[in-house]
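Novice: Quick one: the structure is below, and I'll ask about it shortly.
Numbering (the numbering used here), first residue to last: 94 to 337.
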């Protein structure tokens with residue numbers, strides 16, 4: 094009995110952090126995802142690439158539990174989907190414009206049951222270079238500032254898995270570089286990372302695996318600890334050529 098218990102515990106530890114099998118998503122007459130299979134190892138990093146309309150954002154929403162698949166299954170390490178272990182950044186900021194930057198993060202921290210949400214908010218504001226505007230209302234923020242605050246909000250509860258939809262949108266180069274370095278550090282610390290991006294060079298730097306999505310179908314996939322930018326660009330070109 095004890096041996097079997099240890100065996101089951103070991104299986105949970107070694108199970109994928111995220112696993113999709115045959116995932117389909119249909120909106121009325123539009124099929125956004127067509128039988129997607131993806132496996133993310135614990136602490137793995139995955140880039141989802143593809144042209145506009147390929148289904149990247151839909152796929153991330155399904156992973157985040159914000160959209161239910163029409164068919165197929167999604168499995169998480171440890172069993173059921175736990176939003177407390179997932180941080181999500183979508184196209185909508187999820188920020189309250191009438192609140193200050195600090196108030197937004199404190200509010201989000203309380204929603205997730207973060208210990209000392211005020212201290213966590215101050216830490217994230219400093220990391221995002223927003224400390225000087227912490228008491229400003231978010232409604233007056235530029236697109237780049239709002240994006241940086243949204244990234245901080247996605248991280249407020251220190252999630253084990255980060256799902257980021259075009260996280261570099263609206264960021265100037267210094268902010269984009271800071272985000273790249275931060276995500277690299279989080280990945281090295283064992284946090285899972287899934288991001289969509291049009292920037293192949295950043296995808297190659299941040300991710301150890303990639304899928305190329307075209308018309309809701311995975312046309313190419315790469316799983317390599319040494320994925321190069323050239324390899325990723327070649328896979329992207331093949332995927333577009335092979336698509337019907």
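We put the CB at the ideal spot given by N, CA and C, even for glycine.
Would you mind giving the Cβ-Cβ distance between residue 230 and residue 191, rounded to the nearest angstrom? I have them listed as a contact below 8 angstroms.
Specialist: Between residue 191 and residue 230 the Cβ distance is about 6 angstroms, and since that is below 8 angstroms, they are a contact.
Novice: I'd like the list of long-range same chain contacts for residue 311, defined as Cβ closer than 8 angstroms, with 5 residues on each side in sequence excluded.
Specialist: Closer than 8 angstroms at Cβ, skipping near neighbours: 129, 130, 131, 304, 305.
Novice: Under 8 angstroms, with one C-beta from each stretch per pair, do the stretch 154 to 161 and the stretch 114 to 126 reach the 3-pair mark?
Specialist: Result yes; three or more Cβ-Cβ pairs closer than 8 angstroms.
Novice: Checking the sheet assignment: what are the DSSP bridge partners for residue 141?
Specialist: According to DSSP, residue 141 bridges with 289, 304.
Novice: Quick check on residue 290: buried or exposed, where buried means 16 or more other Cβ atoms within 10 Å of its Cβ?
Specialist: Buried, because 16 or more other Cβ atoms sit within 10 Å of the Cβ of residue 290.
Novice: To the nearest angstrom, report how far apart residue 227 and residue 246 are at their CA atoms.
Specialist: Whole-angstrom Cα-Cα distance: 13 angstroms.
Novice: Helix, strand or coil for residue 100 per DSSP?
Specialist: With a pLDDT of 38 at residue 100, under the threshold of 50, the modelled position of that residue is not reliable, and the figure given next carries that caveat. In this structure, residue 100 counts as helix in the three-state DSSP scheme.
Novice: For residue 198 versus residue 213, is the C-beta distance shorter than 9 angstroms?
Specialist: Against a cut-off of 9 angstroms, the Cβ pair of residue 213 and residue 198 comes out as a contact.
Novice: Short of 6 angstroms in beta carbon distance, which residues of its chain neighbour residue 269, apart from the five on each side in sequence? Order them along the chain.
Specialist: Correct list, in chain order: 261.
Novice: Should residue 258 be labelled buried (16 or more other beta-carbon atoms within 10 Å of its own) or exposed?
Specialist: Buried.
Novice: Helix, strand or coil for residue 226? Go by DSSP, reduced to three states.
Specialist: Note: residue 226 maps to helix in three-state DSSP.
Novice: Out of 277, 323, 315, state which residue places its alpha-carbon closest to the alpha-carbon of residue 294.
Specialist: The candidate whose alpha carbon is nearest that of residue 294 is 323.
Novice: Where does residue 120 fall in DSSP's three states?
Specialist: Residue state, collapsed to three classes: strand.
Novice: Residue 225: buried (16+ other C-beta within 10 angstroms of its C-beta) or exposed?
Specialist: So residue 225 counts as exposed.
Novice: Report the rounded CA-to-CA distance for residue 210 versus residue 282, giving the unit in angstroms.
Specialist: When rounded, the distance between both Cα atoms is 22 angstroms.
Novice: Quick one: Cα of residue 242 to Cα of residue 327, how far?
Specialist: Computed Cα separation, rounded: 34 angstroms.
Novice: Classify residue 185 as helix, strand or coil using the three-state DSSP reduction.
Specialist: The answer is coil: DSSP assigns residue 185 none of H, G, I, E or B.
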